[in-house]
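J.: Right, I'll just put the structure down here and ask away after.
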Amino acid sequence: EPPRADGVPIFISNHLMNEALRCDRISLMHAGRVLASDTPAALQASRGAATLEDAFIDYLSEAAGTAGAPPTDAPAQPPTAAHNDRPPPWFSLGRLLGYAWRETLELRRDPIRLVFALLGSVLLMFMLGYGITLDVENLHFGVHDQDDSPESRAYVQTFSGSRYFIETPPVRSPADMERRMLTGELALVIDIPPRFGADLRSGRAPEVAIWVDGAMPFRGETIRGYAEGTHARFLSEMIRSRTGVSPDLLPTDIEVRYRYNQDFKSLYAMVPAVIPMLLIFIPAILMALGVVREKELGSITNLYVTPVSRLEFLLGKQLPYVAVSMFSFFALVAQAVWIFEVPLKGSLWLLSAAALPYVIATTGIGLLISTFTRSQIAALAGTAILTLLPTVQFSGLTEPVSGLEGAGYVIGQLWPASYFLTISRGEFTKALDFATVWPSLRALLIFGPVLIALSVMLLRKQED
């Protein structure tokens, strides 16, 4: 009674006639075709049957072409729309929007999914934006100074005065150095030999050992470069203090300037790259769960017993998540500009125009995964793995796709995040124009229809 009083329609797929009698309106179906549609009493009266089951049998017999002449005492059957044998249109925008509205209502009534859909990307942006960085700074170093001369202290002061290094208590012995580097306390150790100062004053070239934590090769190479640059600066200042002349190390002076990211901060590169990652991770998961949830609850039967097509069903399920994903996109862009203070140098309109086909493609990935998974746990795990790993490894997050080789290069070329990452990072840092963005945008326009078409082909219209 409450749903009827509120004017809320409830669709029930049922095979029990005693329960069908309680419905306001029913449709009798056979072989995927609607035989008749009316109130239970009207269907019985139209066939002059004592029960609804007898009326259904009469409709089945008529559909099979074996129905006899109607009994003489049966009332004339009024012409109704139920006997319209014209097949339903192959595509109906009304049916599609009906499923979209139904999915929107389900999303609104599930607070956990709704909060995850609206705020999940924003919360992850805080963690990934600050957590994923290529900056190598604040490196703790220790000194094993076996000379303790003014020259050795000046050498150490050159390192401690750099913004890249932080000096820690002195290293007392090789065993102490080994222990502190094993625990990760020290990233670099400077071992100054005895007579370091005396050798410098006498014009000899003393050797200084610098030990670098090479457990992470990229970080280790960067630390090595910092150490070599600091060492060269010490030598230059020493020569200048003794001779009063700046040494000409090279016949040509090279001055390096960074374009698009003058401060050379990885934040300006990583924050625009995190946006494509989050827009493929969360929307794909939500989309896959939205379809698989229908399978677990059994409401997918509505697809099997109604004239709605697979395309209408999938697009209707997809539309609300595309809208939610676009909301997340604008929230992430605002977060990048106002919280992370990464300037958007390019066009917001162009970036938004690329985001729409991208989220259609990412939700299409969720649709595709949902067609061959039957549980929400499998959909969650499968979608997380199949979206996150290619995006992190092969989309150009830390290395351009053009620098990949073999299978990695192929995956990068076939993955939508690679193209939107190029657009996102380019609009934030380089202000790319439409002509430059168009090749990547064209690829994004292809991904969505292809993924949806594959999903339609793989989704079964009937149960096994």
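Sequence positions in the sequence shown follow the working numbering and run 10 to 473.
Note that CB positions come from ideal geometry on N, CA and C, so glycine has one too.
1. Per DSSP, Gly151 is paired with what?
2. Based on DSSP bridge pairs, tell me the residues matched to Leu37.
3. When burial is assigned at 16 or more other CB atoms within 10 Å of the CB, is Arg210 buried or exposed?
4. Can you check the segment 186 to 237 for any alpha helix (DSSP H) of at least 4 residues that lies completely inside it and give the ranges in chain order?
5. Please report the distance separating the alpha-carbon of Val401 from that of Phe174.
6. The beta strand (DSSP E) that contains Ile309, what's its start and end?
7. According to DSSP, is Ile175 helix, strand or coil?
8. Under 8 Å: do the segment 305 to 325 and the segment 238 to 249 share three or more Cβ pairs, one atom per stretch?
9. Using only CA atoms, which one of Glu237, Gly151, Arg233 and Ser433 lies nearest to Phe338?
10. Please identify the residue among Ile289, Glu237, Leu467 and Gln344 whose C-alpha is closest to the C-alpha of Trp424.
11. Using a Cβ-Cβ distance under 8 Å, would Ala241 count as near chain D?
12. Rounding to the nearest angstrom, what Cα-Cα distance links Arg189 and Ala426 in this structure?
13. What ranges does the alpha helix (DSSP H) occupy inside the segment 342 to 401, keeping only unbroken runs of at least 4 residues that lie completely in it?
14. In angstroms, rounded to a whole number, what distance separates the CA positions of Gly140 and Thr407?
15. My understanding is that Leu276 touches Thr142, with C-beta atoms under 8 Å, so please give their C-beta distance in whole angstroms.
16. Pro517: buried (16+ other C-beta within 10 angstroms of its C-beta) or exposed?
17. Alpha carbon to alpha carbon, how far is Gly205 from Asp154?
18. Whose C-alpha, out of Ile294, Tyr68, Val280 and Ala50, is nearest the C-alpha of Leu37?
19. Evaluate contact between the segment 408 to 418 and the segment 373 to 393, counting only Cβ atoms and requiring at least three cross-stretch pairs below 8 Å.
20. In three-state terms, what does DSSP make of Asp442?
21. According to DSSP, simplified to helix, strand and coil, what is Thr60?
22. In three-state DSSP terms, what is Trp424?
23. Report the CB separation of Leu116 from Ala109 in whole angstroms; it is logged as a contact under 8 Å.
24. Only counting the same chain, and skipping five residues up and downstream in sequence, which positions put a Cβ closer than 7 Å to that of Ser101?
25. Within 10 angstroms of the Cβ of Val419, are there 16 or more other Cβ atoms? Answer buried if so, exposed if not.
26. Is Gln271 helix, strand or coil by DSSP?
27. Over the uninterrupted alpha helix (DSSP H) stretch that includes Ser318, give me the two end residues.
28. Measuring CA to CA, which of Phe443, Gly405, Asp272 and Gln327 is closest to Gly107?
29. For the segment 103 to 172, list the beta strand (DSSP E) runs that are entirely contained and at least 3 residues long, ordered along the chain.
30. Going by C-alpha distance, which of Lys274, Ile294 and Ala218 is nearest Ala370?
31. In chain order, what residues of the same chain have a beta carbon less than 6 Å from the beta carbon of Leu105, not counting five sequence neighbours either side?
32. Quick one: measure Cβ to Cβ for Leu497 and Ala72, integer angstroms, because I've assumed they're closer than 8 Å.
33. Can you give the beta carbon distance from Val368 to Ser334, rounded, assuming they're within the 8 Å contact cut?
34. In the structure shown, what three-state DSSP assignment does Thr252 receive?
35. Check whether the Cβ atoms of Val280 and Gly138 sit closer than 8 Å, and answer yes or no.
T.: On the basis of the coordinates in this document:
1. For this step, residue 151 is matched to residue 142 along the sequence shown. Gly151 is bridged to Val198.
2. Stepping through the sequence shown from its first residue, residue 37 is reached at position 28. The partner list for Leu37 (beta bridge, DSSP) reads Ala45.
3. Position 201 of the sequence shown, counting from 1, holds the residue named residue 210. Flag for Arg210 reads exposed.
4. 205 to 210
5. For this step, residue 401 is matched to residue 392 along the sequence shown. For this step, residue 174 is matched to residue 165 along the sequence shown. Roughly 30 Å between the two C-alpha positions.
6. For the purposes of this step, residue 309 is taken as the residue at position 300 of the sequence shown. Where Ile309 is concerned, there is no enclosing beta strand (DSSP E), given that its DSSP letter is neither H nor E.
7. Sequence index remark: in the sequence shown, residue 175 carries index 166 (1-based). Ile175 falls in the strand class under three-state DSSP.
8. no
9. To locate residue 338, count along the sequence shown from 1; it is residue 329. Here the closest residue by C-alpha is Ser433.
10. Here residue 424 refers to the residue found at position 415 of the sequence shown. With distances taken between Cα atoms, Trp424 lies closest to Ile289.
11. Looking at the structure shown, chain D is missing, and only one protein chain is on hand.
12. As a first step, residue 189 must be located in the sequence shown, where it is residue number 180. As a first step, residue 426 must be located in the sequence shown, where it is residue number 417. About 41 Å.
13. 357 to 379
14. By 1-based counting over the sequence shown, the position of residue 140 is 131. By 1-based counting over the sequence shown, the position of residue 407 is 398. The alpha-carbon atoms of Gly140 and Thr407 are separated by roughly 14 Å.
15. Against the sequence shown, residue 276 aligns to sequence position 267. Against the sequence shown, residue 142 aligns to sequence position 133. That pair is a contact at about 7 Å.
16. Lying outside 10 to 473, the shown extent of the chain, residue 517 is not represented and no answer is given.
17. As a working note, residue 205 is residue 196 in the sequence shown. As a working note, residue 154 is residue 145 in the sequence shown. Just to set this straight, residue 205 is Phe in the shown sequence, not Gly. One C-alpha to the other measures close to 9 Å.
18. Residue numbering aside, residue 37 sits at position 28 when the sequence shown is read from its first letter. Leu37 has its Cα closest to that of Tyr68, out of Ile294, Tyr68, Val280 and Ala50.
19. no
20. Position 433 of the sequence shown holds residue 442. Looking at Asp442 - three-state DSSP - the assignment turns out to be coil, as it is neither helix nor strand.
21. Start at 1 with the first residue of the sequence shown, and residue 60 comes out as number 51. DSSP places Thr60 in coil when its eight states are reduced to three.
22. Taking the sequence shown and counting its residues from 1, the one referred to as residue 424 is at position 415. Of the three classes helix, strand and coil, the one that applies to Trp424 here is coil, per DSSP.
23. For this step, residue 116 is matched to residue 107 along the sequence shown. For this step, residue 109 is matched to residue 100 along the sequence shown. Not really, about 11 Å apart at Cβ, beyond 8 Å.
24. Residue numbering aside, residue 101 sits at position 92 when the sequence shown is read from its first letter. The residues are Glu321.
25. Residue numbering aside, residue 419 sits at position 410 when the sequence shown is read from its first letter. Label assigned to Val419: exposed.
26. Walking along the sequence shown from the start, residue 271 turns up at place 262. Gln271: coil per DSSP, three-state reduction.
27. The count along the sequence shown starts at 1 and reaches residue 318 at position 309. Careful: Ser318 lies outside any alpha helix (DSSP H) and carries neither H nor E.
28. Indexing the sequence shown from 1 puts residue 107 at position 98. Nearest of Phe443, Gly405, Asp272 and Gln327 to Gly107, Cα basis: Gln327.
29. 148 to 154
30. The residue labelled residue 370 in the question sits at position 361 within the sequence shown. If we check each option's Cα against that of Ala370, Ile294 comes out closest.
31. In the sequence shown, the residue the question calls residue 105 occupies position 96. Contacts found: Glu321, Leu324 and Gly325.
32. There is simply no residue 497 to check, as the chain begins at 10 and stops at 473 in what is shown.
33. For the purposes of this step, residue 368 is taken as the residue at position 359 of the sequence shown. For the purposes of this step, residue 334 is taken as the residue at position 325 of the sequence shown. Contact flag correct, Cβ pair sits at about 4 Å.
34. For the purposes of this step, residue 252 is identified with residue 243 of the sequence shown, where counting begins at 1. Correct three-state label for Thr252: helix.
35. Against the sequence shown, residue 280 aligns to sequence position 271. Against the sequence shown, residue 138 aligns to sequence position 129. A contact, by the Cβ cut-off of 8 Å.
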